[in-house]
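**Student:**
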Amino acid sequence: MATTRLIYIGGYTPDSGGAGPGITTVRMEHDGRLTAVAETAASGPSFVAAHPTLPVLYAVGETGEGTVTAFTRHPDGRLTEIGRRPSGGDSPCHVAVDPHGSWLAVANYGDGVLGVQRLDEFGRMAGPLKSFPGDGSGPDAGRQAGPHAHQAVFGPDGALYVPDLGADEVRRYLVDDNVRPHPGGPVRVAPGTGPRHLAHSAGRWYLAGELDGTVSMYDRQWREAARVPASRSPEPNAPSHIEVSPDGRLVYVANRGPDTVAVLDAGDLSHIDEVPSGCGWPRHFALVGDRLYVVGQNSGDIAMLPTKSGIPQSAATAFTVATPSCILAPADL
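Counting in the numbering used here, the final residue of the sequence shown is number 371, and the numbers go up one at a time with none missing.
1) For SER254, which beta-bridge partners are listed by DSSP?
2) Out of ALA354, ARG294, ASP285, PRO296, which one is the CA nearest neighbour of ASP303?
3) May I have the straight-line CA-CA distance separating LEU288 from ALA324, to the nearest angstrom?
4) Do GLY295 and PRO274 have their C-beta atoms within less than 8 Å of each other?
5) Please say whether ALA205 and SER169 have beta carbons closer to each other than 8 Å?
6) By DSSP, does ARG65 sit in helix, in strand, or in coil?
7) For ALA40, is the classification buried or exposed, using 16 other Cβ atoms within 10 angstroms of its Cβ as the cut-off for buried?
8) Straight-line CA distance for ARG122 to LEU366?
9) On the criterion of 16 or more Cβ atoms from any shown chain inside 10 Å, does GLY48 qualify as buried, or is it exposed?
10) What are the uninterrupted segments assigned as beta strand (DSSP E) that are 3 or more residues long and contained completely in the segment 198-238, given in chain order?
11) If we call anything under 8 Å between Cβ atoms a contact, is SER125 one with TYR147?
12) Can you give me the C-alpha to C-alpha distance between GLU103 and GLY60, rounded to a whole angstrom?
13) Give the straight-line distance between the Cα atoms of ALA354 and ALA79, rounded to the nearest whole angstrom.
14) Within its chain, find whatever has a CB closer than 6 Å to the CB of ILE280; leave out the 5 residues flanking it on each side and keep chain order.
15) On a CA-only basis, which of GLY230, SER271, PRO272 is nearest SER254? Give me that one, please.
16) Is the distance from the Cβ of THR101 to the Cβ of GLY82 below 8 Å?
17) From this set, ARG116, ILE120, GLY139, which residue's C-alpha is nearest ALA88's C-alpha?
18) By DSSP, does SER54 sit in helix, in strand, or in coil?
19) Give the DSSP-derived three-state secondary structure of HIS186 in the structure shown.
20) Is the CB-CB distance between VAL17 and SER347 below 8 Å?
21) Within its chain, find whatever has a CB closer than 6 Å to the CB of PRO350; leave out the 5 residues flanking it on each side and keep chain order.
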């Protein structure tokens, strides 16, 4: 592995309920440890995403009047702001860019609004903001009184998918030279699921249910093919992030409460293993080569778990930073 690999850590700052510095750029060393190389002041950058072909980073500002900011990424780890726009809603928690670098989408958790923005040839936000409000509720009165968009995922079919924790659905939008609601409407999931994050592989969709503690698998037609507990622990569990291994064999899901990472078979969601995450309240993770980096929001650190045949091994602390919430290891450009 190259020792110059740069990784970006976002989190909550004092003005957004945390104690973090903003966006921290770290260098991955040969042993997997992370060394700080730069800090960029930002308000509540709880999630960051990279442009697919340009050295541009995008960060939400998870505040009441949400924002999204674009930065140029420099080889030495510095970030230079090149634009800032409203996110279109309240408390944005996720941002994504389509594979062509044409559209940026922001999920606003507070009011459920999806904000979509055109990107120009330099990766800058351009043109008017498109806002798509959510609708609906769920059986959990405390968490599902209204819509709560939790993620934006550009699918391989060219559509945009938005898990809505508050409405127990995955909203769908068609994306080409415009963005518009899918004529088939949203995908309804089991009441009380609380959809949080999605992952896709080989025609299947995998969904982490934050409220019912499950992982569900859906086929190409969005028919549920399997549903299992995300953890075998008897403790209450609020699953956070979910990803599929690069070879498509394994599904990883982080479990907050048990503070574990579960490994499931991507074919039928059977449990393969479940290991301690090495941190408190594992909010997010990134698979970088043969290492899994897990963000401990409550413990204020990043745990590094080497993997063997895809299975995470014993964790070690790779980096310490206050109230982290996401980690991004973009491909070197």
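Note that CB positions come from ideal geometry on N, CA and C, so glycine has one too. Computed from a predicted model, the values in this text were never measured in an experiment.
**Tutor:** Here's the rundown:
1) Counting from 1 along the sequence shown, the entry for residue 254 is found at position 216. Note: SER254 sits in a beta bridge opposite LEU245, ARG265.
2) Position 265 of the sequence shown holds residue 303. Among ALA354, ARG294, ASP285, PRO296, the Cα nearest to that of ASP303 belongs to ASP285.
3) Residue numbering aside, residue 288 sits at position 250 when the sequence shown is read from its first letter. Residue numbering aside, residue 324 sits at position 286 when the sequence shown is read from its first letter. If you take the alpha carbons of LEU288 and ALA324, they lie about 14 Å apart.
4) One-based indexing of the sequence shown puts residue 295 at position 257. One-based indexing of the sequence shown puts residue 274 at position 236. At the C-beta level, GLY295 and PRO274 come within 8 Å of one another.
5) Taking the first residue of the sequence shown as position 1, residue 169 is located at position 131. Taking the first residue of the sequence shown as position 1, residue 205 is located at position 167. No; because the gap between Cβ atoms is not below 8 Å, this pair is not in contact.
6) On the sequence shown, position 27 is the one that residue 65 refers to. Note: ARG65 maps to strand in three-state DSSP.
7) Translated into the one-based positions of the sequence shown, residue 40 becomes position 2. With a pLDDT of 43 at ALA40, under the threshold of 50, the modelled position of this residue cannot be trusted; read the value that follows with caution. Result: exposed.
8) Locating residue 122 in the sequence shown gives position 84, counting from the first residue. Locating residue 366 in the sequence shown gives position 328, counting from the first residue. Their backbone Cα atoms lie some 20 Å apart in a straight line.
9) For the purposes of this step, residue 48 is identified with residue 10 of the sequence shown, where counting begins at 1. That one is buried.
10) The beta strand (DSSP E) runs of length 3 or more contained entirely in the segment 198-238 are, from start to end of the chain, 207-213, 217-219.
11) Taking the sequence shown and counting its residues from 1, one reaches residue 125 at position 87. Taking the sequence shown and counting its residues from 1, one reaches residue 147 at position 109. One thing to note: SER125 has its Cβ no nearer than 8 Å to the Cβ of TYR147.
12) Translated into the one-based positions of the sequence shown, residue 103 becomes position 65. Translated into the one-based positions of the sequence shown, residue 60 becomes position 22. So the alpha carbons of these two residues sit roughly 17 Å apart.
13) Counting from 1 along the sequence shown, the entry for residue 354 is found at position 316. Counting from 1 along the sequence shown, the entry for residue 79 is found at position 41. Roughly 27 Å between the two C-alpha positions.
14) Here residue 280 corresponds to residue number 242 of the sequence shown, with the count starting at 1. For ILE280, where only same-chain residues beyond five positions count, the Cβ hits under 6 Å are HIS235, ALA237, TYR244, ALA246, VAL291.
15) Numbered from its first residue, the sequence shown carries residue 254 at position 216. Closest in alpha carbon position to SER254, among GLY230, SER271, PRO272, is GLY230.
16) Mapped onto the sequence shown, residue 101 falls at position 63. Mapped onto the sequence shown, residue 82 falls at position 44. Yes; because the gap between Cβ atoms is below 8 Å, this pair is in contact.
17) Walking along the sequence shown from the start, residue 88 turns up at place 50. A check of alpha carbon separations from ALA88 across ARG116, ILE120, GLY139 identifies GLY139 as the nearest.
18) One-based indexing of the sequence shown puts residue 54 at position 16. The answer is helix: DSSP assigns SER54 an H, G or I state.
19) In the sequence shown, counting from the first residue as 1, residue 186 sits at position 148. DSSP places HIS186 in coil when its eight states are reduced to three.
20) There is simply no residue 17 to check, as the chain begins at 39 and stops at 371 in what is shown.
21) As a first step, residue 350 is located in the sequence shown; it is residue number 312 there, counting from the start. Counting only Cβ-Cβ distances below 6 Å, and skipping sequence neighbours, we find VAL299, VAL313, LEU330, LEU343.
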